[in-house]
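Data first, discussion second: the structure below is written as structure tokens.
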DNA sequence: CTCGTTTTGTTCTCGCGTTCACAAACTCCT
DNA sequence: AGGAGTTTGTGAACGCGAGAACAAAACGAG
Ligand SMILES: NC(=O)c1ccc[n+]([C@@H]2O[C@H](COP(=O)([O-])OP(=O)(O)OC[C@H]3O[C@@H](n4cnc5c(N)ncnc54)[C@H](O)[C@@H]3O)[C@@H](O)[C@H]2O)c1
Ligand SMILES: NC(=O)c1ccc[n+]([C@@H]2O[C@H](COP(=O)([O-])OP(=O)(O)OC[C@H]3O[C@@H](n4cnc5c(N)ncnc54)[C@H](O)[C@@H]3O)[C@@H](O)[C@H]2O)c1
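Protein chains in written order, with the numbering used here: chain Y, 59 to 278; chain A, 59 to 278.
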């Protein structure tokens, strides 16, 4: 129904609206919100039009009202239980991340295959054995899982999650994981992001190099 | 020259090729590589065709040769120096991330505004005051910077980075940062990813709900 | 050497997303 | 009340990316 590209931007608008609300702003135009969200105002209006007509012509949008409508559309008016698997460097950072709670997610369990970690408290939540996954998933009706294990373990963890009823996975491991139809996977990959930056950086360098060469060597 | 969508997939191919090479495979077809990378084989071939004709019809691609060609195109045949700013929960995880080094990046400095952190060793690299940014950037010719500070500090840090000569920024803070033309910014945002998953999760739930309602209520 | 098999590289078509441009709708001032 | 000024919501044009389909090229068997 709502285009995927729009869905990916709604959370950005939500964050921008929250920032505006915290700044005491009650009403904003599409131009204001667009610049706060870093997008084009026409795109913003078109995106919002998929949700309904929540603005007032000649006036703009009511910040709190629009915020609620977007939150409702995304589905973050209530908290989602989340499990994190793989409590190493990254898992610790994720578990300590306050943005989880404030944006509609609740970490209900931290799981790790390394039994030496069992019982360790991270941000007040105890680390439990990976084998507890099924029990926790069914007890808390967990639909969203986060994978922060090494790449080699990612597919196995994903399979276990799916078997336990998880239908959305956020994967931080640099590995392609395959899941049955109906299960969503999103991946976050630091090295891919850096490599994309490196590609553009290299092109900039070539560009400058050519300009310099042209300046020195004259017209070629 | 190369479409942006293709650039974003080249690192994935590179990783898949590395995995194949480690498995002792010397040659692969577009079908093999595509399934290892999780994409369609037609798309893969089209992507590779932007780089040149590095395959052999009827045979496939030489794994090592293709790997080198992609690495060269991305610009990761030599290491890129990187600075990380904000050595909190996430910054620690990033500094400890071994995938940095193995994929063409070298952390040359860890910076934090909190002077209590100065001197702390993280993965063998000492944390230094944020004000050392300019000196480090010019000494190591740093072009790529990573922001892992709170959102409120992100724009300031970005401005200082740009002034120090950084032209590519990877931003982990949940904030829109604006930079001059010629500077690239990529953002990684955990909560946005989770919210996208939540949206689809909610839709799945509605879908099931409707099916259940239809099954109970009969044809409506 | 020739023919069949395999697999690449490329052309073509379709659909999605972005952006422009403007009519409709609302407010405020006179 | 009416007109001027704003700002939304959307229709239409355009460009890019995905995928199917196929021709060209390499290889091996006979
Ligand atoms: N550290 C970072 O900043 C960073 C950045 C980007 C991506 N990543 C990726 O995230 C993943 C985790 O990185 P890390 O630095 O935290 O690694 P890590 O080695 O510190 O932690 C991995 C954890 O996963 C656990 N584990 C291993 N196999 C498991 C299994 N089958 N089930 C459950 N738990 C298991 C280990 O016991 C360990 O605690 C890696 O795939 C890495 O490539 C890390
Ligand atoms: N922890 C996570 O897993 C996680 C996940 C996603 C996003 N994030 C985001 O990453 C950022 C960092 O998260 P964190 O959990 O590491 O926070 P943190 O508070 O643990 O660390 C932030 C660090 O930045 C330093 N800092 C503050 N202002 C600075 C400045 N102006 N210049 C230099 N350094 C400065 C602080 O001293 C601190 O060490 C936040 O924006 C957070 O929203 C974190």
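Ideal placement from N, C-alpha and C gives every residue a C-beta, glycine not left out.
Rounded to a whole number of angstroms, what is the C-alpha to C-alpha distance between residue 247 of chain Y and residue 116 of chain Y? 43 Å
I want to verify the contact list: residues of chain Y whose CB lies under 9 Å from the CB of residue 162 of chain A, in sequence order. Result: 249, 252, 253 and 256.
In whole angstroms, give me the CA-to-CA distance for residue 88 of chain Y and residue 99 of chain Y. Between the alpha carbons of residue 88 of chain Y and residue 99 of chain Y lies a gap of roughly 6 Å.
Is residue 229 of chain A near ligand 1 - that is, is its Cβ less than 7 Å away from at least one heavy atom of it? no
The stretch 200 to 217 of chain Y touching the stretch 172 to 181 of chain Y, judged by at least three CB pairs closer than 8 Å: no
Pull up the distance between the alpha-carbon of residue 69 of chain A and that of residue 126 of chain A, whole angstroms please. 12 Å
Using a 10 Å radius around the Cβ and a threshold of 16 neighbouring Cβ atoms, would you call residue 282 of chain A buried or exposed? The shown model of chain A, from 59 to 278, leaves out residue 282 of chain A, and the question about it has no answer.
List in chain order: all unbroken alpha helix (DSSP H) runs of 4+ residues lying wholly within the stretch 147 to 218 of chain Y. Counting only runs of 4 or more, we get 147 to 153, 157 to 160 and 191 to 198.
Using 8 Å as the limit for Cβ to Cβ distance, is residue 64 of chain A near chain Y? no
What did DSSP end up calling residue 61 of chain A once you bin it into helix, strand or coil? Coil at residue 61 of chain A, not helix or strand.
First and last residue of the alpha helix (DSSP H) that includes residue 107 of chain A? Per DSSP, residue 107 of chain A belongs to the alpha helix (DSSP H) from 99 to 107.
Using the Cβ count rule (16 or more neighbours within 10 Å means buried), how would you classify residue 71 of chain A? The residue is buried, with at least 16 neighbouring Cβ atoms inside 10 Å.
Quickly, what does DSSP pair residue 113 of chain Y with across the bridge? List them, please. Y:119
Assess, as a yes-or-no matter, whether the stretch 73 to 86 of chain Y is touched by the stretch 130 to 140 of chain Y under the definition of 3 or more beta carbon pairs within less than 8 Å. no
Starting from residue 242 of chain Y and walking both ways along the beta strand (DSSP E), at which residues does that stretch end? Taken as a continuous stretch (DSSP letters only), the beta strand (DSSP E) holding residue 242 of chain Y covers 242 to 245.
Near ligand 1: residue 164 of chain A beta-carbon under 7 Å from a heavy atom: no
DSSP three-state label for residue 232 of chain A, please. coil
Just checking residue 105 of chain Y against ligand 2 - is the residue's beta carbon closer than 7 Å to any of the ligand's heavy atoms? False, no ligand heavy atom lies under 7 Å from that Cβ.
When DSSP labels each residue in this structure, what does residue 238 of chain Y get in the three-state scheme? It is coil, neither helix nor strand.
Residue 60 of chain Y CB to nearest heavy atom of ligand 2 below 7 Å: no
Which partner residues does residue 142 of chain Y have in the DSSP bridge list? Answer is Y:168 and Y:204, bridged to residue 142 of chain Y.
Applying a beta-carbon distance threshold of less than 7 Å, which residues of chain Y neighbour residue 70 of chain A? 250
Any heavy atom of ligand 2 closer than 7 Å to the beta-carbon of residue 235 of chain A? no
For residue 246 of chain Y, return the contacting residues in chain A, with the cut-off set at a CB-CB distance below 8 Å. 246, 248 and 251
Out of A:223, A:184, A:210 and A:215, state which residue places its alpha-carbon closest to the alpha-carbon of residue 199 of chain A. Ranking the options by Cα distance to residue 199 of chain A, first place goes to A:223.
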